[in-house]
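Enquirer: The sequence shown lines up with residues 96 to 549 when you count with this note's numbering.
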Amino acid sequence: MNNSLVTKYNVPGPRYTSYPTVPYWGSLEDFNVDLWKQNVLKTFEATNSSEGISLYIHLPYCEHLCHYCGCNKKITTQHSVEAPYVKRVLKEWDLYCDFLPAKPIIRELHFGGGTPTFFSAENLELLICGILKRAGINNRSEFSFEAHPTSTSKEKLETLFNLGFKRLSLGVQDFSPEVQRVINRYQTVDEVQEVVENARNIGYKSINFDLIFGLPKQTKASIEDTIEKTIELRPDRIAYYSYAHVPWVSKAQRLYSEKDLPSNDEKRDLYELGKAMLEDANFIEIGMDHFALPSDDLTKSVQDKSLHRNFMGYTTAHTQLMIGLGVSSISDSWTAFAQNVKTIKEYERLIDANELPVFKGHFLTKEDQVIRKHILNLMCHFETEWCDTESNLLHFDAILEKLHEMENDGLCYIEHNKLVVTEKGQKFVRNICMAFDLRLQRKQPDQQLFSSTI
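#1: Going by C-alpha distance, which of T460, E480 and L459 is nearest H469?
#2: Give the secondary structure of A339 by DSSP, where H, G and I count as helix, E and B as strand, and everything else as coil.
#3: Which whole runs of the alpha helix (DSSP H) in the region 104-159 are 4 residues long or more, in chain order?
#4: Can we say the region 453-468 touches the region 377-396, given the rule of at least three CB pairs closer than 8 Å?
#5: So does the region 265-276 actually touch the region 223-232, counting three or more Cβ pairs closer than 8 Å?
#6: If the criterion is Cβ atoms closer than 8 Å, does the pair D551 and V101 meet it?
#7: Relative to the C-alpha of F531, which residue among D492, E510 and T411 is closest?
#8: How many angstroms separate the CA atom of Y156 from the CA atom of E319?
#9: Apart from the five residues on each side of it in sequence, which residues of its chain come closer than 6 Å, Cβ to Cβ, to V135?
#10: Count the CB pairs spanning the region 165-174 and the region 208-215 that are closer than 8 Å, and state whether there are at least three.
#11: I'd like the list of long-range same chain contacts for K370, defined as Cβ closer than 7 Å, with 5 residues on each side in sequence excluded.
#12: By alpha-carbon positions, which one of K519, N472 and G408 ends up nearest to H205?
#13: Might you give, ordered along the chain, the residues of its own chain that have their beta carbon closer than 6 Å to the beta carbon of L252, omitting 5 neighbours on each side?
#14: Please list, in chain order, all residues of the same chain as E353 whose beta carbon is under 8 Å from its beta carbon, the five residues on each side excluded.
#15: If you check the beta carbons only, do N405 and S149 fall under 8 Å apart?
#16: Can you tell me which of the three DSSP states R276 falls into?
#17: Determine the DSSP secondary structure at N472, reduced to helix, strand or coil.
#18: Answer yes or no: do E177 and S215 have a C-beta to C-beta separation smaller than 8 Å?
#19: Contact check, T411 vs D392 under 8 Å by CB: the rounded distance?
#20: Out of W131, V181, K137 and Y351, state which residue places its alpha-carbon closest to the alpha-carbon of R276.
#21: In three-state DSSP terms, what is C224?
#22: Quick one: give me the first and last residue of the beta strand (DSSP E) that N377 is part of.
#23: Below 8 Å on the Cβ atoms is my guess for H328 versus Q288; work out the distance and round it to an integer in Å.
#24: Closer than 8 Å is the cut-off here; do at least three beta carbon pairs connect the region 522-538 with the region 105-116?
#25: Should L310 and D269 be called a contact, given that it needs their Cβ atoms to be closer than 8 Å?
#26: Among G520, D483 and I278, which one has its Cα closest to the Cα of Y338?
#27: CA-CA distance, Q313 and K103?
#28: Work out the CA separation of M417 and F126 for me, nearest whole Å.
#29: Between which residues of its own chain and S246 is the CB-CB distance below 7 Å, once the five residues before and five after are set aside?
#30: Provide the residue span of the alpha helix (DSSP H) that contains E327, from first to last.
#31: Between I152 and L420, which are expected to be in contact by the criterion C-beta below 8 Å, what is the C-beta distance as a whole number of angstroms?
#32: Going by Cα to Cα distance, which pick from T430, F458 and V422 is closest to E441?
#33: Distance check for R110 and C161, CA to CA, integer angstroms please.
#34: In angstroms with no decimal places, state the Cα-to-Cα distance between E500 and T394.
#35: Quick one: what's Y409 bridged to in DSSP?
#36: How far does the alpha helix (DSSP H) with Q398 in it extend, from its first residue to its last?
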């Protein structure tokens with residue numbers, strides 16, 4: 096890769112799981128829970144019967160602290176926390192269902208965390224059965240969950256499969272013992288292989304591995320070894336994420352020195368090495384930082400341009416309404432966002448008071464909705480086009496000025512009212528999206544909010 100381009104474009108930037116990005120949502124005083132409910136209701140009535148809804152459930156507990164992780168989590172070995180948490184999540188679901196005029200039809204359901212497989216098979220079953228008491232299931236539904244290899248027993252796999260789960264995502268990150276020691280995340284190849292074999296024997300149709308490049312102590316040799324072992328295990332999907340070094344958000348990242356991290360050029364070389372190895376093994380690059388086998392639905396969704404991106408990442412299911420349950424979860428009504436409170440104590444207090452536990456959000460303007468469309472197009476399909484009305488609304492001259500510089504660098508090309516990201520530019524898609532991000536341009540942050548883009 097051209098190192099001068101890496102130097103030029105390796106700046107802090109959003110990952111664009113939403114637009115506007117969370118730091119640019121309105122102030123807490125601007126958020127109105129009743130107006131949020133109205134937005135949910137309007138989208139539900141327009142789309143539930145035709146496309147259904149997505150449901151994200153955050154299960155925050157982990158037995159050990161992974162030093163690289165920036166997710167909302169609670170470290171404990173006391174499994175007595177499970178049942179009270181499940182009870183409150185189901186009560187939050189009731190609070191939503193109580194004001195909806197019909198049963199929600201679930202198109203997509205995902206357990207994230209934390210560590211969802213921290214929970215026992217019994218409590219996971221209790222949670223899903225409680226959800227489904229008040230919901231229907233779309234005939235193309237996709238149920239998935241994130242899993243730690245060391246806590247994903249055959250019993251849990253069988254229980255979740257029987258409840259409709261056909262996809263799982265294993266948090267592998269890296270197989271190097273030295274990297275695992277520094278990030279405090281341990282799992283052997285044998286443990287991962289056992290989960291994979293059990294899942295396949297049970298009937299799971301898609302297994303994903305989460306891998307991270309740019310971790311402390313990573314080298315080309317360790318990445319090569321990790322990718323080789325991954326290819327041998329042959330997951331259907333691979334999320335090959337860039338490590339986000341945000342010690343001002345995740346204090347655990349201060350437990351190792353930045354000197355332990357690869358340089359910008361070294362980090363990009365790690366990605367290029369992994370990418371080349373995966374493509375040689377017949378994996379196809381999907382969007383940003385994702386790979387899939389040709390037979391996987393994610394690859395097919397790229398081919399028919401149905402690939403979608405939301406707070407859960409890339410998905411084949413596109414619903415306009417996504418409800419997030421549990422501490423820190425984010426919901427999306429397509430015209431508004433809402434985030435739940437971030438501490439378990441406050442979450443419990445609001446649920447016990449029969450209140451939706453949302454504390455902040457954003458109501459999208461017409462400009463926001465247009466920009467969101469273009470950023471989604473770029474993140475999913477590496478192209479977008481606009482009409483004259485949109486051009487006038489967004490004052491496209493300023494956007495085009497930034498894009499023309501990227502065009503001169505060979506990252507994209509513009510024809511009439513269409514932008515196409517080149518193969519060279521796909522590594523810089525976050526930077527290209529930033530050209531459309533008018534909120535970021537109008538108000539540059541006083542301090543660093545985002546990880547670097549490369």
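The C-beta atom is built at its ideal place from N, Cα and C for all residues, glycine as well.
Expert: Reading off the structure:
#1: Answer by Cα proximity: E480.
#2: coil
#3: 128-142
#4: no
#5: Verdict: no, contact absent.
#6: Because the chain spans 96 through 549 in this model, residue 551 falls outside it and cannot be assessed.
#7: D492
#8: 32 Å
#9: Cβ within range, chain order: S428.
#10: Segments in contact, yes.
#11: E380
#12: G408
#13: N293, A294 and I297
#14: H340
#15: yes
#16: helix
#17: It is helical.
#18: yes
#19: 5 Å
#20: Y351
#21: helix
#22: If you look at N377, you'll find it isn't in any beta strand (DSSP E); DSSP assigns it neither H nor E.
#23: One detail in the question is off: residue 328 reads as Leu in this sequence, not His. Contact between L328 and Q288 is confirmed by a C-beta separation of about 6 Å, below the 8 Å threshold.
#24: They touch, by the three-pair rule.
#25: yes
#26: I278
#27: 24 Å
#28: Near 18 Å, if we compare the C-alpha coordinates of M417 and F126.
#29: T210, T212 and F213
#30: Looking at the DSSP string, the run of the alpha helix (DSSP H) that includes E327 is K315 to L328.
#31: 5 Å
#32: V422
#33: 21 Å
#34: 31 Å
#35: R404
#36: Element bounds for Q398: D392 to Q398.
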